[in-house]
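Protein chains in written order, with the working numbering: chain E, -3 to 132; chain G, -3 to 132. Cβ coordinates follow ideal geometry from the N, Cα and C atoms, glycine included.
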DNA sequence: AGAAATACTTGCACATTGCAAGTTTGATTT
DNA sequence: AAATCAAACTTGCAATGTGCAAGTATTTCT
């Protein structure tokens, strides 16, 4: 756990991973526009560190050599349970602005949400997971 | 989630909570002796912030007015799923030194481990959770 | 060839952290 | 009762990390 916190014991790393996981953010610009207000140098540094740790990988887009697409690795997508629990905790104990019913659904269908998150990652499906709930 | 990371987006807060949860650490001195090497000023600051956030509470020991006993609140013990997932992730993807079999057991009995963690908190049972596994 | 877009890097002020030492309050010993 | 010890902090300061504004490199568009 101490090792995990060497990597995630900062303000931004987990937010970046969350943006990749639930918003399908892929590019530097998208991360900047995520609204949390990360500085460009910090973003560059975190992407570098997460890449070095094998949590994400980077590749330049085939059709546009300017763009770099970041993508979670298996190690990265395995953080989904941590992020989901953190989200549920925040929704329960902090004023998150998220509707209670939605959060209750997510807590109830925890395993399905995790499976669906992984499926979207595997199939590169960029559909956001938040508005859709339940197996049916 | 951004709100959660305002609180836990640092190197030490979650480690302190982990030490309270799995090692039943209660006093300033015990936290210092946990082996992670936190500085005294940082420890004091984090305890203050976690207390202000309602994640733990402090009370001076009745029989020894020097000692302050820290204890997780309901809000604090609710972080157990996050910590467990982080532990399992670290065990899977980083060299944690923890035996694989033990971690596999924890992953399998996730719900039981969480229930047992909460029971120990409610009953103030200081038995460490790590060497004991399975419902039977 | 020139302008625009994307992904960074750099310089610098400011905040946070870590270490060592000191302070405060309460218990224990003589 | 005085001196000593113990636990929980606080303080000072150097080093490290962060955030903002600006600049650079490479690639694409016109």
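Chain-ordered chain G contacts of residue 77 of chain E [CB-CB under 7 Å]:
81
Run through chain E and tell me which residues come within less than 7 Å of residue 85 of chain G, C-beta to C-beta.
0, 74, 75 and 78
Within 7 Å of chain G by C-beta, residues of the stretch 17 to 41 of chain E in sequence order:
32
Beta-carbon of residue 47 of chain E versus every beta-carbon of chain G: anything under 7 Å?
no
Close Cβ partners of residue 79 of chain E (< 6 Å) along its chain, the five nearest in sequence each way excluded
14
Let's see if you can read the secondary structure: which residues bound the beta strand (DSSP E) around residue 105 of chain G?
Per DSSP, residue 105 of chain G belongs to no beta strand (DSSP E) and is neither H nor E.
Please name the residue in G/72, G/71 and G/57 whose C-alpha comes closest to that of residue 65 of chain G.
G/57
Under 7 Å, Cβ to Cβ, is there at least one residue of chain E near residue 5 of chain G?
yes
Do three or more CB pairs link the stretch 19 to 34 of chain E to the stretch 44 to 58 of chain G at distances below 8 Å?
no
By the three-class DSSP mapping on this structure, what secondary structure does residue 75 of chain E have?
coil
Entirely within the stretch 2 to 28 of chain G and at least 4 residues each: give me those alpha helix (DSSP H) ranges in chain order.
9 to 18 and 24 to 28
Tell me, which residues are paired with residue 65 of chain E by DSSP?
E/55
Contact under 7 Å by Cβ, residue 6 of chain E with residue 5 of chain G
yes
Could you compute how far the alpha carbon of residue 69 of chain G sits from the alpha carbon of residue 60 of chain E?
52 Å
Straight-line CA distance for residue 38 of chain E to residue 121 of chain G?
43 Å
Cβ of residue 116 of chain E less than 7 Å from any chain G Cβ?
no
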